[in-house]
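A.B. asks: Structure in structure tokens, see below.
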Amino acid sequence: MTPAPVELMNDELTEAREETTEATKEQTAARMLVTTFPPMSYSYLRDLEIKPEETHIAGKGWLRRGAWTLFTGGTGIGKSVAVQQMAACIACGRSIFGLSVARPFKVLLLTAEQDEETLQRDFVAIAEHEGLNAITLDANLQIHHAYALDGKPLFLSLESELKRGGFDLAILDNYQAYSGASDLNDSAAWKEFITPLSVMLKTYNASMLLVDHTGKPRERKGWGQNDSVYVGAGTSRKANGARTSAELYSPGEGDERYRLHFGKNWERTGRTARDLFLDRSPDASAPYWTPSADQTDHAPMVPGEQEIVGWATAHPFTSLRAVAEATGYSKSKVQR
19 MTPAPVELMN
29 DELTEAREET
39 TEATKEQTAA
49 RMLVTTFPPM
59 SYSYLRDLEI
69 KPEETHIAGK
79 GWLRRGAWTL
89 FTGGTGIGKS
99 VAVQQMAACI
109 ACGRSIFGLS
119 VARPFKVLLL
129 TAEQDEETLQ
139 RDFVAIAEHE
149 GLNAITLDAN
159 LQIHHAYALD
169 GKPLFLSLES
179 ELKRGGFDLA
189 ILDNYQAYSG
199 ASDLNDSAAW
209 KEFITPLSVM
219 LKTYNASMLL
229 VDHTGKPRER
239 KGWGQNDSVY
249 VGAGTSRKAN
259 GARTSAELYS
269 PGEGDERYRL
279 HFGKNWERTG
289 RTARDLFLDR
299 SPDASAPYWT
309 PSADQTDHAP
319 MVPGEQEIVG
329 WATAHPFTSL
339 RAVAEATGYS
349 KSKVQR
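Mapped onto the numbering used here, the consecutive letters of the sequence shown carry residue numbers 19 to 354.
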């Protein structure tokens, strides 16, 4: 009997290995709802012990491990400075924009557009304004001017740093520069970008802030307070996937204050007021943000709104229930 040619035997072995590999992949995939995404019963959830000190980075979970947040603002409005100020303060354990920060956290900041000269200007001004410790900043804040990084190189390098450095928070400013997508409205492209990042956040127990660089965010007629998460460009999957959001708006007519609006799941900020009015630094060459002395909304208010806002502003860390009891209005009205 003539033996089969070596080439044929190799082909058969290769085909057999491929079939075995494919079968193994299918078996693994078939068990993902048990192994990767295990079932949770009502009793499990009821008795689950949540430890905010272990999961919350800022606020009451506005930034928290295993989840990502959107920060939206128009070009030139100063959102990068606001995000850099958040990064520096969180790295030093300093509360920022009404968001409590329990201790110093390790922060990884990737910026696509801010070069070294701009970063020097911004961070020196921020550190001096906030009175931040340089040693703590050096230990906990790692900055990269990653101006040409997307796709697989982004995922590989980001995962490598999360694993090596044990970072608590990663910031991408702006995420569009890192997505590699030519069409921001393409849901498939967004899924291809966000899925590996979401897996990393779970794997390395980290939080992520995605800076949404959009043309000119404007409020839209008929939108509710929670709808501002949709203000950025792109697919609705982005807004749906974000656990929380904030949007920075330019001053309204007759006003010099900027408005930081906490949109989606704003109650996770731990604040009693959804909006925070901000003032720019008086010196454009030393930029930073500071809460305005006047935190009242100059827009016409409905009956009771002035009293609620005034009391909540005077007691910024009071619960919604306490505001309702103090003002005599319902909790639902206070929340609106």
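We put the beta carbon where it would ideally sit given N, CA and C, even for glycine.
1) Per DSSP, which residues does alanine 264 bridge with? Please list them.
2) Can you pull the DSSP bridge partners for threonine 308?
3) Does DSSP put serine 225 in a helix, in a strand, or in coil?
4) Over what stretch of residues does the beta strand (DSSP E) that includes glutamine 138 continue unbroken?
5) Excluding the 5 residues flanking tryptophan 241 on each side, which residues of the same chain have their C-beta closer than 6 Å to its C-beta?
6) I need the straight-line Cα distance from leucine 159 to phenylalanine 185, nearest angstrom please.
7) Could you pull out every residue in the same chain whose Cβ sits closer than 7 Å to the Cβ of tyrosine 347, ignoring the five residues on either side in sequence?
8) CA-CA distance, glutamine 138 and lysine 124?
9) Under 7 Å between the Cβ atoms of isoleucine 75 and serine 225?
10) Buried or exposed, going by whether 16 or more other CB atoms sit within 10 Å of the CB of threonine 129?
11) So asparagine 283 and arginine 83 are in contact, right, with Cβ under 8 Å, and what is the actual spacing, rounded?
12) Could you give the distance in angstroms between the alpha-carbon of leucine 296 and the alpha-carbon of glycine 272?
13) Can you grab the Cα-Cα spacing for the pair alanine 145 / threonine 154, in whole Å?
14) Given 6 Å as the limit, tell me if glutamine 103 has its C-beta closer than that to any heavy atom belonging to the ligand FAD.
15) Count the other CB atoms within 10 Å of the CB of aspartate 312; is the residue buried (16 or more) or exposed (fewer)?
16) Excluding sequence positions up to five away, which residues of its chain have a Cβ less than 8 Å from the Cβ of leucine 215?
17) Quick check: the Cα distance between arginine 289 and alanine 120, rounded to an integer number of angstroms?
18) Give a yes or no on whether the minimum CB-CB distance between threonine 154 and chain C is below 7 Å.
19) Which residue wins for smallest C-alpha separation from tryptophan 80, given the options Ala143, Ala48, Thr262?
20) Span of the alpha helix (DSSP H) holding valine 52?
21) Return the residue from the list Gly169, Ile189, Asp191 that minimises the CA-CA distance to alanine 199.
22) Would you tell me roughly how many angstroms separate the C-alpha atoms of aspartate 65 and glycine 77, rounded to the nearest one?
C.D. replies: Put simply:
1) By one-based count along the sequence shown, residue 264 stands at place 246. Note: alanine 264 sits in a beta bridge opposite Phe89, Phe280.
2) Numbered from 1 along the sequence shown, position 290 holds the residue referred to as residue 308. Threonine 308 pairs with Asp297.
3) Counted from its first residue, the sequence shown places residue 225 at position 207. In the three-state scheme derived from DSSP, where H, G and I count as helix and E and B as strand, serine 225 is classed as strand.
4) Here residue 138 corresponds to residue number 120 of the sequence shown, with the count starting at 1. Premise fails: glutamine 138 lies in the alpha helix (DSSP H), 134-148, not in any beta strand (DSSP E).
5) Here residue 241 refers to the residue found at position 223 when the sequence shown is read from its first residue. Per-residue confidence for tryptophan 241 stands at a pLDDT of 43, beneath the threshold of 50, marking its modelled position as unreliable; no derived number is given.
6) Taking the sequence shown and counting its residues from 1, the one referred to as residue 159 is at position 141. Taking the sequence shown and counting its residues from 1, the one referred to as residue 185 is at position 167. Between leucine 159 and phenylalanine 185, the C-alpha separation is close to 9 Å.
7) Residue numbering aside, residue 347 sits at position 329 when the sequence shown is read from its first letter. Taken in chain order, the residues that qualify are Gly322, Ile326.
8) Counting from 1 along the sequence shown, the entry for residue 138 is found at position 120. Counting from 1 along the sequence shown, the entry for residue 124 is found at position 106. Spanning the two alpha carbons is a distance of roughly 20 Å.
9) In the sequence shown, counting from the first residue as 1, residue 75 sits at position 57. In the sequence shown, counting from the first residue as 1, residue 225 sits at position 207. Yes, the pair counts as a contact, with Cβ atoms nearer than the cut-off.
10) Against the sequence shown, residue 129 aligns to sequence position 111. Buried, by the Cβ-count rule.
11) As a first step, residue 283 is located in the sequence shown; it is residue number 265 there, counting from the start. As a first step, residue 83 is located in the sequence shown; it is residue number 65 there, counting from the start. The C-beta distance from asparagine 283 to arginine 83 rounds to 15 Å, too long to fall under 8 Å, and the pair is not in contact.
12) Counted from its first residue, the sequence shown places residue 296 at position 278. Counted from its first residue, the sequence shown places residue 272 at position 254. Cα to Cα, the separation comes out at about 15 Å.
13) Looking up residue 145 in the sequence shown gives position 127. Looking up residue 154 in the sequence shown gives position 136. Roughly 11 Å separates the two Cα atoms.
14) The ligand FAD is absent from the structure shown, which contains no ligand whatsoever.
15) Residue numbering aside, residue 312 sits at position 294 when the sequence shown is read from its first letter. Exposed: under 16 other Cβ atoms inside 10 Å.
16) On the sequence shown, residue 215 is found 197 positions in, with the first residue counted as 1. Cβ within range, chain order: Trp86, Phe173, Leu176, Met226.
17) Within the sequence shown, residue 289 is the residue found at index 271, counting from 1. Within the sequence shown, residue 120 is the residue found at index 102, counting from 1. Looking at the backbone, the Cα of arginine 289 and that of alanine 120 are separated by about 15 Å.
18) This model lacks chain C altogether; it includes just one protein chain.
19) Residue numbering aside, residue 80 sits at position 62 when the sequence shown is read from its first letter. For the residues Ala143, Ala48, Thr262, the minimum Cα distance to tryptophan 80 belongs to Thr262.
20) For the purposes of this step, residue 52 is identified with residue 34 of the sequence shown, where counting begins at 1. Note, valine 52: alpha helix (DSSP H), 50-53.
21) In the sequence shown, counting from the first residue as 1, residue 199 sits at position 181. Of all alpha-carbon atoms in Gly169, Ile189, Asp191, the one lying nearest the alpha-carbon of alanine 199 is that of Gly169.
22) Translated into positions along the sequence shown, residue 65 becomes position 47. Translated into positions along the sequence shown, residue 77 becomes position 59. Rounded to whole angstroms, aspartate 65 to glycine 77 spans 23 Å at the Cα level.
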